[in-house]
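K.L.:
Protein chains in written order, with the numbering used here: chain S, 4 to 510; chain E, 15 to 347; chain C, 740 to 1133.
(1) Given this structure, state the Cα-to-Cα distance separating residue 861 (chain C) from residue 828 (chain C), to the nearest angstrom.
(2) For residue 218 (chain E) and chain C, any beta-carbon pair shorter than 8 Å?
(3) Counting only the same chain and skipping the five closest in sequence on each side, list residues whose C-beta sits under 8 Å from that of residue 180 (chain S).
(4) So residue 224 (chain S) packs on residue 239 (chain S), CB below 8 Å; how close in whole Å?
(5) Once you ignore the five residues that flank residue 65 (chain S) on each side, which residues in its own chain have a CB closer than 7 Å to its CB?
(6) Do we get a CB-CB distance below 8 Å when we pair residue 260 (chain E) with the residues of chain S?
(7) Below 8 Å, how does it come out for the segment 1113-1122 of chain C and the segment 866-874 of chain C: are there three or more Cβ pairs, yes or no?
(8) Only counting the same chain, and skipping five residues up and downstream in sequence, which positions put a Cβ closer than 6 Å to that of residue 256 (chain E)?
(9) Alpha carbon to alpha carbon, how far is residue 94 (chain E) from residue 166 (chain E)? Give it in angstroms, no decimals.
(10) Here's a check: name, in chain order, each residue in its chain whose Cβ is nearer than 7 Å to the Cβ of residue 160 (chain S), leaving out the five neighbours to either side.
(11) For residue 986 (chain C), collect the residues of the same chain with a Cβ closer than 7 Å to its Cβ; drop the 5 residues on either side in sequence, then sort them by chain order.
(12) Would you check if the segment 283-293 of chain E and the segment 157-173 of chain E touch, i.e. whether three or more CB-CB distances between them fall below 8 Å?
(13) Just to confirm the assignment, what range does the alpha helix (DSSP H) spanning residue 1026 (chain C) have?
(14) Going along the segment 73-98 of chain S in order, which residues come within less than 8 Å of chain E, judged by CB to CB distance?
(15) What residue from E:273, E:325, E:252 and E:297 has the CA that sits closest to residue 101 (chain E)'s CA?
(16) Nearest to residue 130 (chain E) by CA position, among E:120, E:113 and E:143, is which residue?
(17) What are the partner residues of residue 483 (chain S), as DSSP defines its beta bridges?
(18) Can you give me the Cβ contacts of residue 321 (chain S) inside the same chain, cut-off strictly under 7 Å, excluding the 5 residues immediately before and after it?
(19) If contact means a Cβ-Cβ distance below 9 Å, which residues of the segment 234-247 of chain E contact chain S?
(20) Residue 314 (chain S): which of S:272, S:296 and S:300 sits nearest, CA to CA?
(21) Would you kindly report the start and end of the unbroken alpha helix (DSSP H) that includes residue 189 (chain S)?
(22) Look at the alpha carbon of residue 98 (chain E) and the alpha carbon of residue 215 (chain E), and state the distance between them as a whole number of angstroms.
(23) For residue 203 (chain E), which residues in the same chain have their Cβ closer than 6 Å to its Cβ, ignoring the five residues on either side in sequence?
(24) Between the beta-carbon of residue 87 (chain E) and the beta-carbon of residue 302 (chain E), is there less than 8 Å?
(25) Name, please, each residue of chain C whose Cβ falls closer than 8 Å to the Cβ of residue 75 (chain E).
(26) Could you pull the start and end residues of the alpha helix (DSSP H) that residue 986 (chain C) belongs to?
(27) Tell me the rounded alpha-carbon separation between residue 19 (chain S) and residue 83 (chain S).
(28) Can you give the Cα-Cα distance for residue 331 (chain S) and residue 270 (chain S), rounded to whole angstroms?
(29) How big is the Cα-Cα spacing for residue 140 (chain S) and residue 46 (chain S)?
(30) Just how far apart, CA to CA, sit residue 55 (chain E) and residue 61 (chain E)?
(31) Thinking C-alpha only, which one of S:40, S:105, S:385 and S:260 is nearest residue 444 (chain S)?
(32) Which bits of chain C does residue 79 (chain E) rub up against, with CB to CB less than 7 Å?
(33) Using a C-beta to C-beta distance shorter than 8 Å, which residues of chain E count as neighbours of residue 904 (chain C)?
(34) Applying a beta-carbon distance threshold of less than 8 Å, which residues of chain E neighbour residue 867 (chain C)?
(35) Is there a Cβ of chain C sitting closer than 8 Å to that of residue 161 (chain E), yes or no?
(36) Mind checking if residue 994 (chain C) is an interface residue toward chain E, Cβ cutoff 8 Å exclusive?
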């Protein structure tokens, strides 16, 4: 597959041509003779399973990595992107999946980090920076105080700051890696509006996403990578979703969701009147054994807070939690784990995985109580458990001692799941379980979730992907501004109903 | 159409207003209030306990005594904010004090050679530390522990183990002189702290120190030359230690190879008590001033109250633990 | 005639003037009257002369009763200090700046100071103390603090020869008399100094070692903290002997900081570095000496084959008693008490010697039993504290 992409796709108005890019890491070839060509002013989607090489490709574009082979032609000239600064200077900006924002600096300080406008005597011109940041955010119709610490912003807000930062670079090529992963509903609309606005200004956008529906909504063309190789580029009007999926995984993907399970058993979790000032207002609901309950709502509606409150990670002001009919007092996660409640958090890097430890160590971590005798870890038992989990979950790794941070997102998520499964919990809370995970891995996670429910556990699933909720949940609860506002039966609900409830419009 | 996505945070409104009013200070750092609060408490206790405590003579004494710690803590503040803690400052103080006294030997002609040697020592130590941490990815704690030992060895070799040298009268004014009614060292400390505060908030170097300490990878990806920032910070830290060394040479009129012992930990304590996060990325110069003052006033108070020296050590430790626990509560949210 | 005590010369003059007056009287007039007058005048004069006599014969000696312990040594000629300018009415505020209390000597030194202060409750209103924790820099601050508190006299045990010198001189300039205690200072701006004569001790120790070795052999030297008076002056004293004995070679020297553990570790190293080469040990203190003999014993060598000096730290003294070799020169722990008394005298205007050395004595295996106490721990040292005095009390 080494034809010159240039000839094929954009005769004269190619702003970017990457040809025969190869990148090797110890033990793996991340990219093998990959090509990519983008027309000026288009939205060019980049898709592929995790591990296909998308992140690597864009990191090369952003100057973070140097390719081992191949050439890059940008704006008509061959360039060597040997540092992030160089890429920025040339007009390439990238917004990563994990935000490149410094939490303890303010918005305007982050936007202009490294390129602060200078004023009198070489000091930083704060007023100028603040003014320009405000303008950038305003142009996106986003209202954030530019003197606020980034640490205090919500995930969605940080996303917009990142975009403003990229825009402030005056970038001609903007790379967005999973930008919509944390956005829902009209936040997503905003994003698309912003992107379209950028297009009108002549900015080219490379858009990486797993949400194929979105791609059909926003992109002009789409390039598919698989296992580090270039699979092809298509115009979005000329291709269907299943065709794309076939290119990505090499197989026809049928309906991604496993069949619904047997009817629910007795009540496992009963929550009554859970309240936390400003965050949760008297939330009450139940989850039964073998049941998957989906928790839907907009970003900021309190779903994650609810999960954390049940798990003991955050305090509550009032309310009761009953597990299998008995009231439990959960003041910290330790109590929750002891009681048999498990939380797989939203941000696995921050809260789920210790990325400098190995797979084995991560899976073993909360289970050392089981795996120890006289305080020493029984390594053979640990290894057996871990191996079982690796197989059960089909975690793609070189071995149990591989460092967790070297795994792809999907496999990392499996490790996180795996670690909690060792202890056969009664209630499993999953917060955005398939965020940033490729199609193939998603299906496996769905399968696993259903398996878990079948073993008798109660599963509470928080998700911002409506298809996912509609596909997986037996019952759907909708939250809005800290309150439970609606309940639907999973098989019969519609996206519209859920969205309507989530936005607070009366039912 | 714009829509605010801010979640329901009542206190944010007040802070936002305050932050909007001044881009200059960060009122969010409530943590630095802790140190000032403690300081006021200690001063009140002192005022009640002894009539000598609030006399101008005593106050100036305290400030002079605090000056030595103040200079080195200034450098240490930047170091810790950049996640480049510097434990070698103690031995650098000893070295520079001995170089100053030993080279000058009471003669004004010796001033320039002394400064030259000191500059050389600062450059050598700062570069060595900086390059080891930045280029070789060494752990700052370990690297500066090593340079601390090396520098201490150099001092002992240079002095033969015993105190030596002396300082000409003109230089002694650095410690004993006055600017109007105020002791010179106090004026110098205030000026330097002001400059440092401005540098931190308003210059790119200061901004980048916070960036590198906050998240080095993000800083790097933003095009910041992280290696240079780290090297510059270690040079700054060694220079601050040298200033303390010269000041102590002027004050004690001798070069004592062990004079710097304790300053390494005390400077870190003062910085942390002042509200700078030990993990780096956020901090306050003004807070460090508070930490230094707290230390000095506490020492003075305990002398005034005739507290046994052993209790003094316990008391200082207790203050540190209290102050730091307050911050940890804040920083672990 | 002022209402103060008569000095020698003053009374002579008075005598002379009265004598000439009486002569004048006797040359004129009424002989019976003259004779009575003459007799009465003579009686008065004789009485005055008798009173003035002690002052006259011991020119400059004070009249305060000084206990035998505190008596200064008279080995050297005494240089009297006139302290009339310091005289003021009590009660007084004393400041005592100690270096540290981290070894046996320092503990007894400190306690003796506190005890002596309690013996003069009417004269000493406040006895302020500071501890510099072995830091010369802190000692400087401590002294400044004491001066700021308005002390009438400063007693200081300087950590090193240079410690706090600027503050000492400042005190003297301000009219606050300074008394140096136990350890010496490099400045000469003080009123009196109650130190153990370090130079003499070093000399005695070296003389004994040289004699044991017959003037020939290799020695190692253990010293106190670098730059401190005992270490520097002690070694100078030793050198004054060694320079006349070229066949004695110093293999190695180390400052082991009055630490038993450091001295022991150093000796272990030296036994490895100089196998069978060490003939004698120049040792400044007993606490370090105790560590050294342990190292030698553990190396399965008879310590008596390496003659060692030392001082009156009980651990070492007990060892000497048991093993019947080695010697010590004492380090009197009551120098501090002498300093307190000296301060009182100075503030009373009484003259004091500039060099108020507390005499040191030599003991060896033959007479060590006189001063050692087997019932006491290693950390004990000979002192003058009363039996019921609690260490660490106020």
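In this text, a Cβ means the ideal position worked out from N, Cα and C, and glycines have one as well. Model, not experiment: these values are computed from the prediction.
P.N.:
Taking the definition as stated:
(1) 11 Å
(2) no
(3) 57, 58, 61, 97, 98, 99, 100 and 211
(4) 6 Å
(5) 87, 90, 95, 97 and 178
(6) no
(7) no
(8) 110, 132 and 136
(9) 22 Å
(10) 147
(11) 954 and 955
(12) no
(13) 1025-1037
(14) 86, 87, 88 and 91
(15) E:252
(16) E:113
(17) S:486
(18) 276 and 278
(19) 234, 235, 236, 237, 238 and 239
(20) S:272
(21) 188-203
(22) 19 Å
(23) 81 and 84
(24) yes
(25) 880, 883, 884 and 887
(26) Per DSSP, residue 986 (chain C) belongs to no alpha helix (DSSP H) and is neither H nor E.
(27) 13 Å
(28) 14 Å
(29) 21 Å
(30) 10 Å
(31) S:260
(32) 880
(33) 266, 267 and 268
(34) 320
(35) no
(36) yes
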